[in-house]
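Number of protein chains: 2
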Amino acid sequence: MSGARKPSGRSSADEAATRKRGRSLAALGYIQPQTYEELRAVLSSGTVHFPKRLRQVAIFLWQHPSEVALGTIAQVAAQAGVQPSTLVRFAQIFGYSGFSDFQGLFKDHVKGSWPEGRGEPRAEAEPHAAMHFLHGMVGASQASLGRIEAGFDIESFEKMVATLAGADLIYVIGSKRAFPVTAYLSLTLSQQGVRNVLVDNVGSTALDQVGCIGSRDAVLAVSFSPYNSITPDLVAVAHERKARILTITDSTFSPLIPLSESWLEVVESDFAGFRSLAASLAVGMALVQGVAARRGT
Amino acid sequence: MSGARKPSGRSSADEAATRKRGRSLAALGYIQPQTYEELRAVLSSGTVHFPKRLRQVAIFLWQHPSEVALGTIAQVAAQAGVQPSTLVRFAQIFGYSGFSDFQGLFKDHVKGSWPEGRGEPRAEAEPHAAMHFLHGMVGASQASLGRIEAGFDIESFEKMVATLAGADLIYVIGSKRAFPVTAYLSLTLSQQGVRNVLVDNVGSTALDQVGCIGSRDAVLAVSFSPYNSITPDLVAVAHERKARILTITDSTFSPLIPLSESWLEVVESDFAGFRSLAASLAVGMALVQGVAARRGT
DNA sequence: TGGAAATTGGAAATCCTGTTCGAAAGTGGT
DNA sequence: ACCACTTTCGAACAGGATTTCCAATTTCCA
Chain X
0 MSGARKPSGR
10 SSADEAATRK
20 RGRSLAALGY
30 IQPQTYEELR
40 AVLSSGTVHF
50 PKRLRQVAIF
60 LWQHPSEVAL
70 GTIAQVAAQA
80 GVQPSTLVRF
90 AQIFGYSGFS
100 DFQGLFKDHV
110 KGSWPEGRGE
120 PRAEAEPHAA
130 MHFLHGMVGA
140 SQASLGRIEA
150 GFDIESFEKM
160 VATLAGADLI
170 YVIGSKRAFP
180 VTAYLSLTLS
190 QQGVRNVLVD
200 NVGSTALDQV
210 GCIGSRDAVL
220 AVSFSPYNSI
230 TPDLVAVAHE
240 RKARILTITD
250 STFSPLIPLS
260 ESWLEVVESD
270 FAGFRSLAAS
280 LAVGMALVQG
290 VAARRGT
Chain D
0 MSGARKPSGR
10 SSADEAATRK
20 RGRSLAALGY
30 IQPQTYEELR
40 AVLSSGTVHF
50 PKRLRQVAIF
60 LWQHPSEVAL
70 GTIAQVAAQA
80 GVQPSTLVRF
90 AQIFGYSGFS
100 DFQGLFKDHV
110 KGSWPEGRGE
120 PRAEAEPHAA
130 MHFLHGMVGA
140 SQASLGRIEA
150 GFDIESFEKM
160 VATLAGADLI
170 YVIGSKRAFP
180 VTAYLSLTLS
190 QQGVRNVLVD
200 NVGSTALDQV
210 GCIGSRDAVL
220 AVSFSPYNSI
230 TPDLVAVAHE
240 RKARILTITD
250 STFSPLIPLS
260 ESWLEVVESD
270 FAGFRSLAAS
280 LAVGMALVQG
290 VAARRGT
């Protein structure tokens, strides 16, 4: 619906609005912005002096484009602190027949900025394509980080620290995307003087390594979906050998959870299919610090 | 907004659906995914075998999340090539009362991945000591990320992408703290179909590996201070063999810079001696994406 | 300060969307 | 080949969302 603007309805509504309002804002000669960037340009030009409520709307549109794109008129109005009809009026000032039409601008923008994971790797049309992706990646990382602290399971965290600190030897396990995390965990643990084994499967010796795990050892496993790596297998072996399993994973569906004594959920955002590791690393560092602090005493 | 799912409505609808469908798909025990990542985890787990139309839906959801978030049910159905009611059924299988509820998942995801004026810098007091370090680590990561975009050297970035895209084979080099970064770089490059060699020095074969570098190859080196690792040596060898050297490092004093054709400075913050890798990873991902985009044509 | 014009708030009316339901078409097993 | 069951389709219905309209309020100018 909203994606396709109907030219017929627009022009008639436009005329009607202009006729009725006489020399009001609509007559100031704003042409209908055809893209989100055009709209931003108009809003930021500063030449427009809106009355109070409409200014409020403009500010909200500026600051929360995604809310506008995703929400219904009622939701947007509530968040902006205005009446739904005010939004419609705002849209009409810019020559649109109504809010839905106007909203299409925002939807298109969000859609366009959202590189679909699908086939066509659109040739970078814009010169700032590189910056845009970097920005998106930074945004994904920050989103991941921002989610950590809300609803963080401190209890599990404390239990994990205690178990790790009490363990004889710590095995750190993770493959594919999780491997960078485990590599850094292992490095920092060693730097803190905490003995550990990074199960990296070099030489395909991982199974033999975990075959040596004893009941006084702990396993720190990191695993993300899809859970098709060897990590679940390795952890299963460790579990059979009565090691204490501690897991960092990204959903409650992880096959590691039933095997784990404690676990933490860390959800990473992605941008265009490239996933952040920022949150997992931060949580991991916190674990290492906690363990080092306990051991150090 | 739609983000707030109504628990009351959900449970009753859930029960009703389960009762009616008997031992159909809905009874297989899928719990309602609460986040988009969880949903992806389920879909990618491969354990689910949908009938034809529903599989079609699953594939479309996977490939076009933004269309789902922004469109109406009719638009989504048309693009996916199914009936609107099929989408409703799909949503109900996962325990949602209908499509609107289900769509909220996608809206939240798009909103979350959208770098937007994040609201108020919530200044909640730390209720717990363990949280303090986590908070510090998150802060360090965010500080690192925040510094990237200011003063980012787009020109160098573009040159690096061009060189990498034109290279015959890419050698990725990094030790110690930089290793997690290079490991992830190598992984994502491979996933994008870009051939590369991760010089990990397993078996102390790194020098022999770089001894094979040719003049049409490129080296992507990541190095942080103190520069006392093996990385400068390896890069020096590569430089002698006329390979094109590209560097990500954390200061202009890095010994790699004189050897490099282009370089990027990425400064990471630390907290209590634990250094973030968030910025380096974000920049690295951007590089990979750029290379994949160029090669993809 | 008075009055006219512009702006705003709110409710009613309309349009459209999402959901439900029964029938038809597939599918697999005996 | 038949039967039971699942899946898909399409239309009717219900509910919400958007728009319109008018009264109330505010602003601005004389």
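Going down the list, the protein sequences come from chains X and D.
According to numbering that gives the first Met the number 0, the residues represented by the first sequence are 0 to 296, in order.
According to numbering that gives the first Met the number 0, the residues represented by the second sequence are 0 to 296, in order.
Think of the CB as a built atom: it goes at the ideal place given N, C-alpha and C, for glycine as much as any other residue.
Keep in mind it's a predicted model, so treat the numbers as computed, not measured.
- For V198/X, there is no enclosing alpha helix (DSSP H); the enclosing beta strand (DSSP E) has its first and last residue at 195 to 198.
- If only uninterrupted alpha helix (DSSP H) runs of at least 4 residues are considered, those enclosed by the region 34 to 88 of chain D are 35 to 43, 51 to 62, 64 to 69, 72 to 79.
- Annotation: the continuous beta strand (DSSP E) that includes L219/D extends over 217 to 222.
- Chain X has a Cβ within less than 7 Å of the Cβ of G289/D.
- Near chain X, meaning a CB-to-CB distance below 8 Å, the residues of the region 162 to 179 of chain D are K175, R176, F178, P179.
- In chain order, V160, A161, A164 place their CB closer than 8 Å to the CB of R293/D, counting only its own chain and leaving out the 5 sequence neighbours on each side.
- Near chain X, meaning a CB-to-CB distance below 9 Å, no residue of the region 215 to 227 of chain D qualifies.
- Cβ neighbours of G70/D within its own chain (closer than 8 Å, five residues either side excluded): Q78.
- The criterion of a C-beta distance shorter than 7 Å is not satisfied by V266/X and E239/D.
- Identification of chain D residues near E148/X by a Cβ-Cβ cut-off of 8 Å yields M130, L133, H134, V137, ordered along the chain.
- Think of a sphere of 7 Å around the beta carbon of Y183/X: the chain D residues whose beta carbon falls inside it are P179, L276, in chain order.
- In this structure, T246/D keeps its C-beta atom at 7 Å or more from the C-beta atom of A217/D.
- In the DSSP assignment, V171/X falls within the beta strand (DSSP E) that extends over 169 to 172.
- Contact check for S268/D against S279/D fails: the beta carbons are separated by 7 Å or more.
- DSSP links R274/D through a beta bridge to D269/D.
- Within chain X, the residues whose beta carbon sits less than 7 Å from that of I153/D are A129, M130, listed in sequence order.
- The beta-carbon distance between V234/D and I153/D, rounded to whole angstroms, is 24 Å. This is too long to meet the 8 Å contact definition.
- Counting only residues of its own chain and dropping the five nearest sequence neighbours on each side, S189/X has a CB closer than 7 Å to the CB of N195.
- In this structure T34/X is exposed. Its beta-carbon is surrounded by fewer than 16 other beta-carbon atoms within 10 angstroms.
- Neighbours of M159/X across chain D, judged by C-beta separation under 9 Å, do not exist; the nearest C-beta is about 10 Å away.
- For the pair of segments examined, the region 175 to 190 of chain D was found to touch the region 168 to 186 of chain X: the number of CB pairs separated by less than 8 Å reaches three.
- Interface residue (Cβ-Cβ distance to chain X less than 7 Å): A79/D is not classified as such.
- Contact of Q82/X with chain D is not assigned, every C-beta pair being separated by 7 Å or more.
- One finds S65, E66, L69 in chain D with Cβ atoms closer than 8 Å to the Cβ of K110/X, taken in chain order.
- Under the three-state reduction of DSSP, T204/D is assigned to coil, being neither helix nor strand.
- Shown here, R240/D sits in coil according to DSSP, grouped into three states, outside any helix or strand.
- Looking only at A281/D, A271/D, G272/D, V236/D, the smallest Cα-Cα distance to S259/D is reached by V236/D.
- Burial state of D249/X is buried, judged by a 10 Å Cβ sphere holding 16 or more other Cβ atoms.
- Not flagged as an interface residue toward chain X: E267/D, since no C-beta distance is shorter than 7 Å.
- Interface criterion met: the Cβ of V201/X is under 7 Å from a Cβ in chain D.
- Residue environment for L206/D: exposed (fewer than 16 other C-beta atoms within 10 angstroms of its C-beta).
- Using a Cβ-Cβ cut-off of 8 Å, D232/X is close to nothing in chain D; its nearest Cβ partner there is about 15 Å away.
- At a cut-off of 7 Å between beta carbons, F59/X makes no contact with chain D.
- The residue among P231/X, V287/X, E264/X with its C-alpha nearest the C-alpha of A149/X is E264/X.
- Neighbours of R39/D in chain X, taken as residues at a C-beta separation under 8 Å, are given in chain order as S224.
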